[in-house]
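In numbering that gives the first Met the number 0, the protein residues as written are 0 to 393.
Here the structure is laid out as structure tokens; the discussion comes afterwards.
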Amino acid sequence: MARTYTRPVLRLDATSGAARAGVLHTAHGDVPTPLFMPVATQGSVKAVDPPDLRAVGANIVLGNTYHLCLRPGVDLLEELGGLHTFMRWDGPILTDSGGFQGFSLEHLRKIEDDGILFKSHIDGSPYKFTPESTVRAQEQIGADIIMPLDMCVPADADRDTVEKALERTTEWESRCRQAHVREDQLLFGIVQGGMFEDLRERSASEIVSLDFAGYAIGGLSVGETKSEMYGMTKLTASLLPADAPRYLMGVGSPEDLVESVAQGIDMFDCVLPTRIARNGALFSREGRINIYAAPHRARDEAIEPGCDCYTCETFSAAYVHHLFKSKELLGFRLATIHNLRFILRLMEEMREAIVAGTFESYRQDFHARFKPPDQRVRREQRLKWLSAQGRPGA
RNA sequence: GGACGGGUGGGUGAGUGGUUAAUACCACCAGACUGUAAAUCUGGCGCCCGGAAGGGCUACGGGGGUUCGAAUCCCUCCCCGUCCA
0 MARTYTRPVL
10 RLDATSGAAR
20 AGVLHTAHGD
30 VPTPLFMPVA
40 TQGSVKAVDP
50 PDLRAVGANI
60 VLGNTYHLCL
70 RPGVDLLEEL
80 GGLHTFMRWD
90 GPILTDSGGF
100 QGFSLEHLRK
110 IEDDGILFKS
120 HIDGSPYKFT
130 PESTVRAQEQ
140 IGADIIMPLD
150 MCVPADADRD
160 TVEKALERTT
170 EWESRCRQAH
180 VREDQLLFGI
190 VQGGMFEDLR
200 ERSASEIVSL
210 DFAGYAIGGL
220 SVGETKSEMY
230 GMTKLTASLL
240 PADAPRYLMG
250 VGSPEDLVES
260 VAQGIDMFDC
270 VLPTRIARNG
280 ALFSREGRIN
290 IYAAPHRARD
300 EAIEPGCDCY
310 TCETFSAAYV
320 HHLFKSKELL
330 GFRLATIHNL
340 RFILRLMEEM
350 REAIVAGTFE
360 SYRQDFHARF
370 KPPDQRVRRE
380 QRLKWLSAQG
390 RPGA
């Protein structure tokens, strides 16, 4: 059962440069940091179940308030005992407020002074999200860590837009802080400020002054370059209190996780490992492999030899290739298990390296082997994706 | 034996005189995916040269013909399906 929240939220065990290793305390248990949260938007990490999550080393998952409000509805969730009970996950849960959907569902929402008005992507019905209502909804969901309503803008937003969003975010978060009463739930603050250093500084200062249990960096991985993202992460992290957990929202790829941990980030969430797993992209120490690709057709060895995940210990790359080619559902589960295990093992290894004081060499070794996708290609494809979705990006 | 219908790129299948190296889907090849409207999206996909633009060659069952020009019209042969005897 939920226990009363007591400070400190984060116990720091070791540092290595700016990198930190610690333990996050929540009402549903402690989690070693740096940590990664698989994303269970609608109360399910797509394609896997709680035992699978435990097996890959997941200790905490993320849910989404917007999606859970629309379906199944937070009143029902509360009636059924909350999200933990509903999805049979007894570990910690963090819920995002729905603020990100104000960004990702740009064409289905209207920003108003007191919140975001959504037109449901399911049936078009209206849903008004205010700072108070998102806190209330997250109480009904019963998450251990809850996020305030914030306003996230695209990476190429102009200064004026970013500044207005920042001001609105501070105001909304202040109201969330006022509305937050449950002691067994940790309310985090979210720093915005786009790609403007002084606005990041201003936002961090305003949010920190509101005194949250932890601090998140929002508004990144929204279309900017890697160097912009790393720069903003480094700057923002340096402005946050050392004794509170730092959470970089929506990140990330293996190389991003390593770089961000190096800058003192403790917590992450990202759909990338699970989403690309379903699309046939699997992580390895050398980079991504496309399991659909012809070379795997007859590869009678693990996807990544030496990997300790269930998929690699049990099946051949040829078999998983076959499952994807045949559109067999088992392929999604096996691929998701592999990618999550890869990411969670990466987190475990980073923690060990920090504790051992060898993080910097770990970081260098990682980058020497891991080859991420080409940045230029990523940008091109991103624009094509946006236009295919009917949202002329930028 | 007769009457219809039909044979198009790896597959299904559009196209009935030029704008067709040939719609679309599938398969195949490659790439992308970062607080999830994602089991999605984007390219490529006859052969040769080129980074590309572009150029050359061969193509819509076989052969012949009409035409400036044919996958499209005519003749003939082959093959397949349905029905009648």
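Glycine included, each C-beta is placed from N, C-alpha and C at the ideal position.
C-beta contact flag for residue i and residue j at 8 Å
i, j, result
"residue 19", "residue 353", "yes"
"residue 349", "residue 33", "yes"
"residue 57", "residue 92", "no"
"residue 178", "residue 17", "no"
"residue 331", "residue 277", "yes"
"residue 222", "residue 381", "yes"
"residue 147", "residue 286", "no"
"residue 313", "residue 302", "no"
"residue 358", "residue 36", "no"
"residue 308", "residue 55", "yes"
"residue 428", "residue 25", "The chain is shown from 0 up to 393; residue 428 falls before or after that span and cannot be answered."
"residue 338", "residue 385", "no"
"residue 193", "residue 161", "yes"
"residue 210", "residue 9", "no"
Counterpart residues of residue i in DSSP-defined beta bridges
i, result
"residue 255", "Paired residues: none, contrary to the question."
"residue 24", "29"
"residue 62", "94"
"residue 189", "215"
"residue 34", "266"
"residue 108", "117"
"residue 286", "283 and 370"
"residue 18", "15"
"residue 247", "216 and 267"
Environment of residue i [buried if 16+ CB atoms lie within 10 Å]
i, result
"residue 368", "exposed"
"residue 239", "buried"
"residue 355", "exposed"
"residue 130", "buried"
"residue 224", "exposed"
"residue 180", "exposed"
"residue 374", "exposed"
"residue 121", "exposed"
"residue 114", "buried"
"residue 305", "exposed"
"residue 80", "exposed"
"residue 272", "buried"
"residue 2", "Any reading at residue 2 is ruled out, since the residue's pLDDT is 34, under 50, leaving its predicted position unreliable."
"residue 376", "exposed"
"residue 423", "Residue 423 falls outside the range modelled here, since the chain spans only 0 to 393, and no answer is possible."
"residue 191", "buried"
"residue 106", "exposed"
"residue 159", "exposed"
"residue 124", "exposed"
"residue 395", "Absent from the model: residue 395. The displayed extent of the chain is 0 to 393, so no value can be given."
"residue 201", "buried"
Local conformation of residue i per DSSP, three classes
i, result
"residue 125", "strand"
"residue 379", "helix"
"residue 338", "helix"
"residue 293", "helix"
"residue 224", "coil"
"residue 315", "coil"
"residue 103", "helix"
"residue 233", "helix"
"residue 12", "strand"
"residue 343", "helix"
"residue 144", "strand"
"residue 328", "helix"
"residue 74", "helix"
"residue 388", "coil"
"residue 179", "coil"
"residue 49", "helix"
"residue 152", "coil"
"residue 302", "coil"
"residue 260", "helix"
Check: residue i C-beta below 7 Å from any heavy atom of the ligand SAM
i, result
"residue 236", "The ligand content of the structure shown is nil, which means the ligand SAM is not present either."
*Using 8 Å as the threshold, is the stretch 241-254 in touch with the stretch 208-218, meaning 3 or more CB pairs across them?*
yes
*Contact between the stretch 182-191 and the stretch 131-145: three or more CB pairs below 8 Å?*
yes
*Three CB pairs or more closer than 8 Å across the stretch 247-257 and the stretch 8-15*: no
*Flag this pair as touching only if the stretch 34-50 and the stretch 306-321 have three or more C-beta atom pairs under 8 Å; answer yes or no.*
no
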